[in-house]
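What follows is a short report on a single structure.
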Amino acid sequence: MRLAFRLCCFLLVLALLGCGDQGKDAAASTSPANNDIPVGLKLLTWRYLAQDAALVKEFEQRFRTKVEVKVRPMREIVADAQAGRSLQADVLILPTLEDAVRMKGFNMLQPFFVDAFTNGDVGDNYLDRDGYYAGLTQWTMVAVYNPNAVTSEEAGTYRGLAEVPLRGIRLGVAHPDSSGLAAVIGALHANLNPDAAALWTNSIYRLAAGGLQGSDYDQLDRMLAGELDMALVSMGAVARWFLNGDPKHYEAGGAWRVRFPHTQATNMNFINMTCITMPANAPNRNMAASFINYMFSKEVQEQLSNAWFEFPTHAFAEANEYLYGFPDRLGYKLSAESLEQNIPIGWALVNAQAEQ
Numbered sequence: 634m635r636l637a638f639r640l641c642c643f644l645l646v647l648a649l650l651g652c653g654d655q656g657k658d659a660a661a662s663t664s665p666a667n668n669d670i671p672v673g674l675k676l677l678t679w680r681y682l683a684q685d686a687a688l689v690k691e692f693e694q695r696f697r698t699k700v701e702v703k704v705r706p707m708r709e710i711v712a713d714a715q716a717g718r719s720l721q722a723d724v725l726i727l728p729t730l731e732d733a734v735r736m737k738g739f740n741m742l743q744p745f746f747v748d749a750f751t752n753g754d755v756g757d758n759y760l761d762r763d764g765y766y767a768g769l770t771q772w773t774m775v776a777v778y779n780p781n782a783v784t785s786e787e788a789g790t791y792r793g794l795a796e797v798p799l800r801g802i803r804l805g806v807a808h809p810d811s812s813g814l815a816a817v818i819g820a821l822h823a824n825l826n827p828d829a830a831a832l833w834t835n836s837i838y839r840l841a842a843g844g845l846q847g848s849d850y851d852q853l854d855r856m857l858a859g860e861l862d863m864a865l866v867s868m869g870a871v872a873r874w875f876l877n878g879d880p881k882h883y884e885a886g887g888a889w890r891v892r893f894p895h896t897q898a899t900n901m902n903f904i905n906m907t908c909i910t911m912p913a914n915a916p917n918r919n920m921a922a923s924f925i926n927y928m929f930s931k932e933v934q935e936q937l938s939n940a941w942f943e944f945p946t947h948a949f950a951e952a953n954e955y956l957y958g959f960p961d962r963l964g965y966k967l968s969a970e971s972l973e974q975n976i977p978i979g980w981a982l983v984n985a986q987a988e989q
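As structure tokens, this is what we get:
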């Protein structure tokens, strides 16, 4: 099993060498041949990988248009939305369902509907009922742990995550603004009960080593430095960190273990989504709809899974094989709509802890 894991890692490292996790700001077409073509679509995102650029180039060639790509940190995008400033984009890609819900709440989005939603390619459980966002890919918060310090059973439940610090295990959790923590809390509220969600939130806030801080990658770096025994981070972040070409990260991938936590009472794992949206002021709505529909095609969905190490939402698309090396599977019983309804409760519990 270890040999198969290392072989898979090695092959994926070769494919990903030289690919950073976030590109620099870009405001030009990805195709030099498009210099004389006017900009037909403005894409705003928090991350732009080399594989993403290849997909944009293919879209440009297929639709004979030019795509202007802008990469900005999520904190800046959220700040503009809170202030009511125009996002100056036709399509906005967001890292979490929480971000999509916030943008919807700020009245920064408009509803959209594309063919991929009507022909059965994308299930309703990944779509906002009102049409303001759609799950481009799906993922979950996972427990990454040192098997010499933490058992698989402890890492495999949400309860275990909250209890292991009581016996001296150092648990790292990113700041809620940089993770899917609020969605987990909201899902606990929906699937179990309000008291369980509040107790879990209190435990994570009170017992996380050094408090909730930094990003998912910061937690993995802390583990590598020997500062943590365990971290609660996004599934995609773990895979990209293991396979980013750094030999130390690759070695850690062979030594550490990963579990998808579940509830003990109901055996539920809670998903999150990378979402695609259409800003309220999008000037090129038709081209935006074409781009969104393109991003949900089977071939593109599989390329996104290979680049992001997240599961596709297209019903017939295959996920990257590396993801099937994890011992658990995603939970599908809670829809995006159900999660959206409970995310405000998750944020309320998060904010209540932050104010104490």
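In my numbering, the protein residues as written are 634 to 989. Glycine included, every Cβ here is placed at the ideal spot set by N, Cα and C. All values reported here derive from a predicted model rather than from experimental measurement.
For residue i, name the three-state secondary structure that DSSP assigns.
i      : result
Lys737 : helix
Ser785 : helix
Ser664 : Unreliable placement is indicated for Ser664, whose pLDDT of 47 sits below 50; no coordinate value is reported for it.
Trp889 : coil
Ala872 : helix
Ser836 : helix
Ile904 : strand
Phe745 : coil
Ser719 : coil
Pro706 : coil
Glu701 : strand
Met856 : helix
Ser812 : coil
Gln771 : strand
Gly673 : strand
Ser971 : helix
Thr678 : strand
Leu805 : Looking at the sequence shown, residue 805 is not Leu but Gly. Here Gly805 sits in strand by DSSP.
Going by C-alpha to C-alpha distance, which of the options sits closest to residue i?
i      : options                        : result
Ala952 : Pro960, Glu943, Pro798         : Glu943
Phe739 : Glu731, Phe745, Thr698         : Glu731
Phe949 : Pro960, Tyr955, Gln989, Gln934 : Gln934
Pro960 : Ala788, Arg855, Gly801         : Ala788
Ile670 : Glu693, Asp685, Val689         : Glu693
Asp757 : Ala686, Glu970, Glu709         : Glu970
Ala915 : Glu691, Ser719, Ala712         : Ser719
Trp772 : Leu982, Glu973, Met906         : Met906
Leu799 : Asp763, Arg839, Phe929         : Arg839
Asp828 : Leu674, Gly979, Lys675         : Gly979
Ala985 : Pro945, Gly859, Ala831         : Ala831
Phe990 : Tyr791, Ala921, Ala841         : Shown here, the chain extends from 634 to 989; a query on residue 990 therefore has no answer.
Thr751 : Leu674, Ala714, Phe929, Gln715 : Phe929
Leu845 : Ala807, Ala987, Gly793         : Ala807
Taking the straight line between their C-alpha atoms, what separation do you get for residue i and residue j?
i      : j      : result
Asn781 : Leu814 : 26 Å
Leu821 : Leu682 : 33 Å
Ala940 : Tyr957 : 15 Å
Val775 : Val817 : 11 Å
Leu865 : Arg697 : 43 Å
Trp833 : Ala795 : 6 Å
Glu954 : Pro809 : 29 Å
Asn917 : Tyr927 : 15 Å
Ala716 : Thr729 : 20 Å
Asp713 : Asp761 : 23 Å
Leu688 : Gly819 : 33 Å
Val871 : Gly793 : 20 Å
Ala987 : Glu932 : 43 Å
Under 8 Å between the Cβ atoms of residue i and residue j?
i      : j      : result
Thr770 : Ser938 : yes
Ala778 : Arg890 : Note that residue 778 is Tyr in the sequence shown here, rather than Ala. Yes.
Asp723 : Met911 : yes
Leu742 : Ala913 : yes
Ser836 : Ser811 : no
Lys690 : Val672 : no
Asp754 : His882 : no
Leu861 : Ala842 : yes
Ala749 : Tyr759 : no
Glu701 : Lys675 : yes
Gln936 : Gln684 : yes
Compare the C-beta of residue i against all C-beta atoms of chain D and say whether one is closer than 8 Å.
i      : result
Glu884 : Judged by its chain identifiers, the structure shown contains no chain D, having just a single protein chain.
Note down, in chain order, each residue of its chain lying with its Cβ closer than 7 Å to the Cβ of residue i, except the 5 sequence neighbours on either side.
i      : result
Asn824 : Thr896, Thr899, Met901, Leu967
Val797 : Val783, Glu787, Leu804, Met863
Trp874 : Tyr850, Leu853, His882
Ser923 : Phe696
Ser785 : Arg890, Arg892
Ile802 : Ala782, Val783, Asp862, Met863
Gln721 : Lys675
Once the 5 residues before and after residue i are set aside, which same chain residues still bring their CB inside 6 Å of it?
i      : result
Tyr765 : Lys737, Leu742, Pro744
Ile925 : Val747, Ile909
Val734 : Glu973, Ile976
Leu725 : Leu677, Thr910, Pro912
Met707 : Trp679
Just checking residue i against the ligand FAD - is the residue's beta carbon closer than 7 Å to any of the ligand's heavy atoms?
i      : result
Ala922 : Among the components of this structure there are no ligands whatsoever, and the ligand FAD is therefore not found.
Within its chain, find whatever has a CB closer than 8 Å to the CB of residue i; leave out the 5 residues flanking it on each side and keep chain order.
i      : result
Leu857 : Lys881, His882, Ala885
Ala981 : none
Tyr965 : Asn758, Ile904
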